[in-house]
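S.K.:
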Amino acid sequence: MGSTLRVLFLGASTAFSLPAAQALLQSDHEVAGVVLPERISQLSHPSDNSTLLPVLPFCTNDTIINVTRRQNVPLWFFEDVPKNITADVIIVACFPSRLPENFLRRATLAALNVHPSWLPEYRGPAPLFWQLRHGVRNPGVTVHHMTDRIDAGDIVVQKRVPLPEGSSGPEADRLLSVAGANMLLDVLSRADFRSRPQLGTASYQSWPAEEDWCVPTDWLVQRAFNFMRGTADWRHPFKLLTHPQPLVVQDVTDYALQPSQPGSVQLMRQGWRVGFADGWLMVR
1 MGSTLRVLFL
11 GASTAFSLPA
21 AQALLQSDHE
31 VAGVVLPERI
41 SQLSHPSDNS
51 TLLPVLPFCT
61 NDTIINVTRR
71 QNVPLWFFED
81 VPKNITADVI
91 IVACFPSRLP
101 ENFLRRATLA
111 ALNVHPSWLP
121 EYRGPAPLFW
131 QLRHGVRNPG
141 VTVHHMTDRI
151 DAGDIVVQKR
161 VPLPEGSSGP
171 EADRLLSVAG
181 ANMLLDVLSR
191 ADFRSRPQLG
201 TASYQSWPAE
211 EDWCVPTDWL
221 VQRAFNFMRG
231 TADWRHPFKL
241 LTHPQPLVVQ
251 DVTDYALQPS
261 QPGSVQLMRQ
271 GWRVGFADGW
281 LMVR
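Heads up: the sequence shown is residues 1 to 284, going by this note's numbering.
Structure, rendered in structure tokens:
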């Protein structure tokens, strides 16, 4: 068992950041602080300590803000992190900005990122969206060293994580993050940061554009169902490429593997059913 390490954690108010933050805060390691990317509006009241975030009116017991406060650990916005704060290890899970090299150098042993894909595949800011869109059901999670190139650092450890049918985005994020947090704790317990270069064909996808919310009806129906279920929390309408004109919907409710007419639309009691390559998709 390795010695206790001093860590600095950077994350966001997301389902992917929370399990990693909880695991670190509940471990034997010293958490020097938790860093969020930017200021949050609609704060309820000032904090007694100017380095801490005020309590948000919509906070529940499982937000990254509250789990940090319960451990009496400093919570900073990135712009307010004290200049003299250093750590053995900097750990990042879903931080939306590229970190400058002078910040990464505050880590004396390693600066690690927990990324929800099997790197070097699906680098970029929204890897789960693209894996769901491409029909990936067994994505990976990777712990890797951070460099000046996004998601390109050497790999410490990675693992495949199967997603249950119809997982929501937050459910998938949590499964991937819990797997990543467990790998991270194992790495920290051994203080073993040995790594290997990323091998294979790298891919990078940016944030989705409007056309990426279009769903072709020549897809397999399970692919469409899982993509729409997994990205519904973005609250963006989907455009199904039906005939003779596209059908815009907000939600998917079920699917059936039955002979169908791809691209056709049938009105149902509550919504529509749409023909795909191998079945019908129920939407509304």
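Heads up, the beta-carbon is just placed ideally off N, CA and C, and yes, glycines get one too.
In the DSSP assignment, what are the bridge partners of V142?
M.R.: Here the question's residue 142 lines up with position 142 in the sequence shown. For the record, residue 142 in the displayed sequence is Thr; it is not Val. Residue pairing of T142 in beta bridges, as defined by DSSP: H115, Q158.
S.K.: To the nearest angstrom, how far is the alpha carbon of R174 from that of D233?
M.R.: Reading the sequence shown from its first residue, position 174 is the one you call residue 174. Reading the sequence shown from its first residue, position 233 is the one you call residue 233. In a straight line, the C-alpha of R174 is about 14 Å away from that of D233.
S.K.: Roughly how many angstroms separate the alpha carbons of L220 and V178, rounded to a whole number?
M.R.: Numbered from its first residue, the sequence shown carries residue 220 at position 220. Numbered from its first residue, the sequence shown carries residue 178 at position 178. In this structure, the CA atom of L220 is about 29 Å from the CA atom of V178.
S.K.: Would you please state the rounded distance, in angstroms, between the beta carbons of V156 and L128? I believe it to be under 8 Å.
M.R.: Numbered from its first residue, the sequence shown carries residue 156 at position 156. Numbered from its first residue, the sequence shown carries residue 128 at position 128. With a beta-carbon spacing of about 21 Å, V156 and L128 fall beyond the 8 Å limit used to define contacts.
S.K.: Rounded to a whole number of angstroms, what is the C-alpha to C-alpha distance between A286 and N84?
M.R.: With the chain running from 1 to 284 in the structure shown, residue 286 is simply not present.
S.K.: Looking at C-alpha atoms only, which residue of I91, G140, D278 is the closest neighbour of S260?
M.R.: Taking the first residue of the sequence shown as position 1, residue 260 is located at position 260. For the residues I91, G140, D278, the minimum Cα distance to S260 belongs to D278.
S.K.: To the nearest angstrom, report how far apart G180 and Q131 are at their CA atoms.
M.R.: Residue numbering aside, residue 180 sits at position 180 when the sequence shown is read from its first letter. Residue numbering aside, residue 131 sits at position 131 when the sequence shown is read from its first letter. About 17 Å.
S.K.: Less than 7 Å between C-beta atoms, sequence neighbours within five positions excluded: which residues of the same chain meet that for F58?
M.R.: For the purposes of this step, residue 58 is taken as the residue at position 58 of the sequence shown. Low per-residue confidence applies at F58: pLDDT is 34, beneath 50, and the placement is therefore not dependable enough to give any value.
S.K.: Kindly give me the distance between the Cβ atoms of V215 and F238, rounded to whole angstroms, as I take these residues to be in contact under 8 Å.
M.R.: Within the sequence shown, numbered from 1, the residue matching residue 215 stands at position 215. Within the sequence shown, numbered from 1, the residue matching residue 238 stands at position 238. So it is a contact: roughly 6 Å between Cβ atoms.
S.K.: Just the Cα atoms here: how many angstroms apart are N182 and V141?
M.R.: Here residue 182 refers to the residue found at position 182 of the sequence shown. Here residue 141 refers to the residue found at position 141 of the sequence shown. The alpha-carbon atoms of N182 and V141 are separated by roughly 11 Å.
S.K.: Given this structure, state the Cα-to-Cα distance separating P262 from D28, to the nearest angstrom.
M.R.: Locating residue 262 in the sequence shown gives position 262, counting from the first residue. Locating residue 28 in the sequence shown gives position 28, counting from the first residue. Roughly 55 Å between the two C-alpha positions.
S.K.: Can you tell which of G135, Q205, L199 has its C-alpha closest to the C-alpha of N226?
M.R.: One-based indexing of the sequence shown puts residue 226 at position 226. Ranking the options by Cα distance to N226, first place goes to G135.
S.K.: For D254, report the span of its beta strand (DSSP E) as first-last.
M.R.: For this step, residue 254 is matched to residue 254 along the sequence shown. That run of the beta strand (DSSP E) goes 252–256.
S.K.: What residue from L10, R190, R229, T147 has the CA that sits closest to E165's CA?
M.R.: In the sequence shown, the residue the question calls residue 165 occupies position 165. Checking every option, the nearest Cα to that of E165 belongs to R229.
S.K.: Within 10 Å of its beta-carbon, does W280 have 16 or more other beta-carbons around it, so buried, or fewer, so exposed?
M.R.: Along the sequence shown, one-based indexing puts residue 280 at 280. That one is buried.
S.K.: Between which residues of its own chain and P170 is the CB-CB distance below 8 Å, once the five residues before and five after are set aside?
M.R.: The sequence position of residue 170 within the sequence shown is 170, counting from 1. Excluding residues within five positions, the ones whose Cβ falls inside 8 Å are A15, D233.
S.K.: Would you call A256 buried or exposed, if buried means 16 or more other Cβ atoms sit within 10 Å of its Cβ?
M.R.: For the purposes of this step, residue 256 is taken as the residue at position 256 of the sequence shown. It counts as exposed.
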